[in-house]
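Asker: Positions in the sequence shown are counted from 1; adding 911 to them yields our numbering. Glycine included, each C-beta is placed from N, C-alpha and C at the ideal position. Questions regarding the structure given below will be posed in turn.
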Amino acid sequence: MRNRRRPLICLAFLCALCITVASADEAIPVIYSSDLFHPHVDPDDHFDLAFLFALPELDIRAMVFDLGPLPKERAGIAALQQIAHITKHEVPHATGLCHLLKSTDDKGLDQPQEAQLGVQLILDTLRKAERPVRIIQTGSLRDIAAAFNREPELLREKVERLYINAGHSSGGEEYNVKLDIHAYVRIMRSGLPIYWGPCFGDEPCTTHWKFKHESLLPFVPLSIQNFFVYALDHTPPSECDPIHALEREIPEDTQKHLWPLERNMWCTATFLHAAGLTAI
């Protein structure tokens, strides 16, 4: 993504976050796989979730929480509940495989039964899809790779595009790839229609960009501001109901602390491309 495009993408980000309507019937079906946690590991995942659900061109059909070895209680269910409430778009969701794939051909069938739900959701959503689906990945490719290893022909038939937000275009190491290297290699060699968004590398072959919260958050509706405050403050759902929190007044001290912070982003360009709004 070239530097001169970044202000335009930031503006698109702002406009999209202000859209709080359900997807249209003609919207593109999407399966979303994300390492979204609450409390967060990196709050860029919460910005990604809000942005993705705000694009009316996309119809999120399923979401897989890519937790790896972390307990399922760390899944960002609260964030998904909040976005579903704001956009009026409920989405089936499941947690994925909990262990690394042992090889590029590993189907993950020997992992715990409750960890199978993510792969099953991917396969079930593809079977039911009446038109080709776009899969968007942020995090590891573990569940998508296991799904491909189990039913490669189904994915070849039903996956129109697979957006990979991972990797380094100049050959360096990258966090998402290292989460499960076998899964990454399996998918990159799968022959599926891959749309690669390397997180790092030499310009213009990188999706990384950043902005300050104060350029965005003061201008979006209160419910969306509260969505981000809830995430950034690591608010425990046991102490404050995620839905009730969306309509709270935000203290001035909280705004002074959170609004000036800078946010690194990696997936915006691929989301816009998946929606047909820009080129990578």
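1. Let me confirm a value: Lys1123 is counted as buried when at least 16 other C-beta atoms fall within 10 Å, else exposed. Which label applies?
2. Considering only C-alpha positions, which residue in the set Cys1116, Arg1159 and Lys1121 is nearest to Gln1136?
3. Shortest alpha-carbon distance to Leu1012 belongs to which of Gly1108, Lys1089, Ala1005 and Ile1033?
4. Straight-line CA distance for Glu1025 to Leu1052?
5. Under 8 Å: do the region 983–998 and the region 947–964 share three or more Cβ pairs, one atom per stretch?
6. From the DSSP output, which residues share a beta bridge with Lys1121?
7. Is His1155 buried or exposed, if buried means 16 or more other CB atoms sit within 10 Å of its CB?
8. Based on DSSP bridge pairs, tell me the residues matched to Gln1048.
9. For Leu1133, count neighbouring C-beta atoms within 10 Å of its own C-beta (all shown protein chains included) and say buried if the count is 16 or more, exposed if not.
10. Would Asp879 and Ser944 qualify as a contact pair, given that the criterion is a beta-carbon distance under 8 Å?
11. Which partner residues of Met974 appear in the DSSP bridge assignment?
12. To the nearest angstrom, report how far apart Ala1040 and Thr998 are at their CA atoms.
13. So, with DSSP's three-state summary, where would you put Val1070?
14. Could you check if Leu1172 is buried or exposed, using at least 16 other CB atoms within 10 Å of its CB as the buried criterion?
Answerer: In short, the structure shows the following:
1. As a position in the sequence shown, residue 1123 is number 212, starting the count at 1. By the neighbour-count rule (16 or more Cβ atoms within 10 Å), Lys1123 is not buried but exposed.
2. In the sequence shown, counting from the first residue as 1, residue 1136 sits at position 225. For Gln1136, the nearest C-alpha among the options comes from Arg1159.
3. Here the question's residue 1012 lines up with position 101 in the sequence shown. For Leu1012, the nearest C-alpha among the options comes from Lys1089.
4. Working through the sequence shown from its first residue, we reach residue 1025 at position 114. Working through the sequence shown from its first residue, we reach residue 1052 at position 141. Approximately 18 Å, taken between the alpha carbons.
5. yes
6. By one-based count along the sequence shown, residue 1121 stands at place 210. For Lys1121, which the question treats as bridged, DSSP gives the partners Asn1175.
7. The count along the sequence shown starts at 1 and reaches residue 1155 at position 244. Exposed, by the Cβ-count rule.
8. For the purposes of this step, residue 1048 is taken as the residue at position 137 of the sequence shown. DSSP, once it has assigned bridges, lists Ser944 and Ile1075 as partnering Gln1048.
9. Locating residue 1133 in the sequence shown gives position 222, where the first residue counts as 1. So Leu1133 counts as exposed.
10. Nothing about residue 879 can be reported from this structure: the residues present for the chain run from 912 to 1191 only.
11. Position 63 of the sequence shown, counting from 1, holds the residue named residue 974. Tyr943 and His1004.
12. If you number the sequence shown from 1, residue 1040 lands on position 129. If you number the sequence shown from 1, residue 998 lands on position 87. The straight-line gap from Cα to Cα measures roughly 22 Å.
13. For the purposes of this step, residue 1070 is identified with residue 159 of the sequence shown, where counting begins at 1. Val1070 falls in the strand class under three-state DSSP.
14. In the sequence shown, residue 1172 corresponds to position 261, counting from 1. So Leu1172 ends up on the exposed side.
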